[in-house]
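Residue numbers (our numbering): 202 to 570.
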Amino acid sequence: MSDSEEEHTCVLDDKTDEKEEEDDVSEVDAEEEVAEIAAETAMSSCVLHHDVPVQHDDETVNSALEATSTTREETQDSHKTTTATEMEEGPAATCWVCFATVEDEPTAKWLRPCHCRGTSKWVHEACLQRWIDEKQKGNSTTTVRCPQCEAEYIIVFPSCSPLVKILEGVDSWLLSISPYCAGIGFCISVYWCSWTFGFLTVVQVMGLQEGTQTIDKADPLVAMIMLPTIPYMLILARMIPWDQYLLRVWRRHGNKLPFVKHAPAAYAREPAEGGDGADTVKSGLRLFIGAMALPTMATICGKLFFRSVRPNWQRAILGGIFYVAVKGVVKIYYKQGQYERQANRVILDFHPREEEGEVPLVQGVEDEV
202 MSDSEEEHTC
212 VLDDKTDEKE
222 EEDDVSEVDA
232 EEEVAEIAAE
242 TAMSSCVLHH
252 DVPVQHDDET
262 VNSALEATST
272 TREETQDSHK
282 TTTATEMEEG
292 PAATCWVCFA
302 TVEDEPTAKW
312 LRPCHCRGTS
322 KWVHEACLQR
332 WIDEKQKGNS
342 TTTVRCPQCE
352 AEYIIVFPSC
362 SPLVKILEGV
372 DSWLLSISPY
382 CAGIGFCISV
392 YWCSWTFGFL
402 TVVQVMGLQE
412 GTQTIDKADP
422 LVAMIMLPTI
432 PYMLILARMI
442 PWDQYLLRVW
452 RRHGNKLPFV
462 KHAPAAYARE
472 PAEGGDGADT
482 VKSGLRLFIG
492 AMALPTMATI
502 CGKLFFRSVR
512 PNWQRAILGG
522 IFYVAVKGVV
532 KIYYKQGQYE
542 RQANRVILDF
552 HPREEEGEVP
562 LVQGVEDEV
């Protein structure tokens, strides 16, 4: 390396050192200026509010700097509570609840409570509070999510007294056990209704005096168990389709009997098996009413056709057998008649009268044509 190049390198190093020293000096001067400004601010505030002389020490400067930083943080936090005039999006922001823009409500408070982007991320605080109330329906423990991004809203409640917390827990517990209490109450109601019906059935069949004596002499536990089962036994007995079995036997072998006349050897077709034309609900209600009415009808038939029979419960049993048998025979006859009508059903061809050259019929002159 030549002497000229070495001299040039030394000059560059000297300039670099001088520049670094100048930068250090400027940084120190800037820090001193900031400290002086903060001290003057603290002094002026103390003089205005406390009328106390201020000493230029490090503690005062540090407190002033801390107050300045706190003020800056509060200013930043205040910017987080976004108002219409401080929103970055400006007029582009639209509340997704009421569809109002910044120009429509410039003083309204806006929030960004979810992960949505674009204009749909903004919403009025009042609109969101009302929308959350509609979703929770009075239950503050219900979680609410954004309908767009499915993000759960962060809802913070103020602290409350211990008594309020205890009452809230009791209310939540009562709300959780309410369905079970309702189910238990329903079962108890059904049991006592069944017991009452069983008691009335025994009294109706055996008579008031004899029935009451029988129940009193019975074991209480047996009476509490057996009496409620009477209505369910009647329903089960009513569900036995004995008349349908007899009807099938009649259709298969009825034409072979010597005393049966005008019975066809075979039907034109076998109609589809179906119900009585009623829906399931009506059929169930009919079955229930028929089962509940059986003791009453048995007692009536017993008194009409078996007056001489004693005791009362034997007369009621004979009356019940008579009622069920007659009712079954009538039902079999009715079902067989419906079956024959369906089996011999005929569908006619369509023949328009215009194609046959006939004059269309006018209402009231059909017999003349």
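All C-beta atoms, glycine included, are put in the ideal place defined by N, C-alpha and C.
Own chain residues within Cβ distance below 8 angstroms of residue i, not counting five before or after
{"i": "GLY520", "result": "MET498, ALA499, THR500, ILE501, CYS502, GLY503, LYS504, LEU505, PHE506, PHE507"}
{"i": "TYR392", "result": "PRO429"}
{"i": "ILE333", "result": "VAL345, TYR354, ILE356"}
{"i": "VAL530", "result": "none"}
{"i": "PRO553", "result": "none"}
{"i": "HIS454", "result": "none"}
{"i": "VAL510", "result": "GLY503, ARG516, LEU519"}
{"i": "SER395", "result": "LEU428, PRO429, THR430, ILE431, PRO432, TYR433"}
Residue i - DSSP class collapsed to helix/strand/coil
{"i": "THR308", "result": "coil"}
{"i": "ASN513", "result": "helix"}
{"i": "ASP550", "result": "coil"}
{"i": "GLY399", "result": "helix"}
{"i": "ARG453", "result": "helix"}
{"i": "PRO421", "result": "helix"}
{"i": "GLY408", "result": "coil"}
{"i": "ARG470", "result": "coil"}
{"i": "ILE441", "result": "coil"}
{"i": "ARG487", "result": "helix"}
{"i": "ARG508", "result": "coil"}
{"i": "SER246", "result": "Note that SER246 scores 42 on pLDDT, short of 50, meaning its location in the model is unreliable and no value can be drawn from it."}
Backbone CA spacing between residue i and residue j [nearest angstrom]
{"i": "THR302", "j": "THR308", "result": "11 angstroms"}
{"i": "VAL255", "j": "GLN337", "result": "Its pLDDT being 39, under 50, VAL255 is placed unreliably by the model, and nothing is read from it."}
{"i": "PHE551", "j": "ASN545", "result": "19 angstroms"}
{"i": "PRO432", "j": "THR397", "result": "10 angstroms"}
{"i": "GLY538", "j": "GLY491", "result": "23 angstroms"}
{"i": "SER279", "j": "GLU326", "result": "Confidence in SER279 is poor, its pLDDT being 44 and thus under 50, which makes the residue's placement unreliable; the coordinate value appears in the next sentence. Between SER279 and GLU326, the C-alpha separation is close to 15 angstroms."}
{"i": "GLN330", "j": "GLY384", "result": "36 angstroms"}
{"i": "ASP314", "j": "SER379", "result": "With the sequence shown as reference, residue 314 is identified as Pro, and Asp is not the correct amino acid for it. Going from the Cα of PRO314 to the Cα of SER379 covers about 35 angstroms."}
{"i": "TRP451", "j": "VAL525", "result": "19 angstroms"}
{"i": "ARG487", "j": "ILE441", "result": "14 angstroms"}
{"i": "LEU375", "j": "GLY485", "result": "36 angstroms"}
{"i": "ILE548", "j": "TYR446", "result": "30 angstroms"}
{"i": "SER373", "j": "CYS388", "result": "24 angstroms"}
{"i": "ALA352", "j": "GLY370", "result": "27 angstroms"}
{"i": "ALA438", "j": "GLU541", "result": "29 angstroms"}
{"i": "PHE400", "j": "CYS382", "result": "27 angstroms"}
{"i": "LEU422", "j": "ALA494", "result": "27 angstroms"}
{"i": "CYS361", "j": "THR343", "result": "18 angstroms"}
{"i": "ALA294", "j": "LYS310", "result": "12 angstroms"}
{"i": "GLN414", "j": "LEU368", "result": "53 angstroms"}
{"i": "LYS366", "j": "SER377", "result": "17 angstroms"}
{"i": "VAL482", "j": "GLY386", "result": "25 angstroms"}
{"i": "GLU335", "j": "SER390", "result": "36 angstroms"}
{"i": "CYS347", "j": "GLU306", "result": "23 angstroms"}
{"i": "GLY319", "j": "PRO363", "result": "43 angstroms"}
Integer-rounded CB distance, given that residue j should sit under 8 angstroms from residue i
{"i": "CYS350", "j": "CYS296", "result": "Contact doesn't hold; Cβ gap of about 16 angstroms is too wide."}
{"i": "LEU312", "j": "VAL298", "result": "In fact, because the Cβ distance is near 11 angstroms, the residues do not count as touching under 8 angstroms."}
{"i": "PHE489", "j": "ILE426", "result": "Wrong, their Cβ atoms sit about 22 angstroms apart, outside the cutoff."}
{"i": "GLY536", "j": "LEU448", "result": "Note on residue identity: the sequence assigns Lys, not Gly, to residue 536. At roughly 6 angstroms, the Cβ-Cβ gap stays under 8 angstroms, so LYS536 and LEU448 are in contact."}
{"i": "GLY408", "j": "ASN513", "result": "5 angstroms"}
{"i": "PRO472", "j": "GLN410", "result": "53 angstroms between Cβ atoms; not a contact."}
Cβ neighbours of residue i in the same chain (closer than 7 angstroms, five flanking residues each side left out)
{"i": "PHE523", "result": "CYS502, PHE506"}
{"i": "CYS328", "result": "CYS296, VAL298, CYS299"}
{"i": "PRO496", "result": "THR402, GLN405, VAL406"}
{"i": "ASP444", "result": "GLY529, LYS532, ILE533"}
{"i": "SER321", "result": "TRP297, GLN349"}
{"i": "ALA424", "result": "ILE416"}
{"i": "ARG470", "result": "ALA544"}
Close-in-space but distant-in-sequence residues of the same chain around residue i (CB under 6 angstroms, 5 per side omitted)
{"i": "ALA419", "result": "none"}
{"i": "GLY412", "result": "VAL403, VAL404"}
{"i": "PHE358", "result": "none"}
CB contact check: residue i to chain B, cutoff 8 angstroms
{"i": "SER373", "result": "Of the protein chains in this structure there is only one, and it is not chain B."}
- Item | Complete runs of the alpha helix (DSSP H) confined to the region 294 to 374 [at least 4 residues] | 326 to 337
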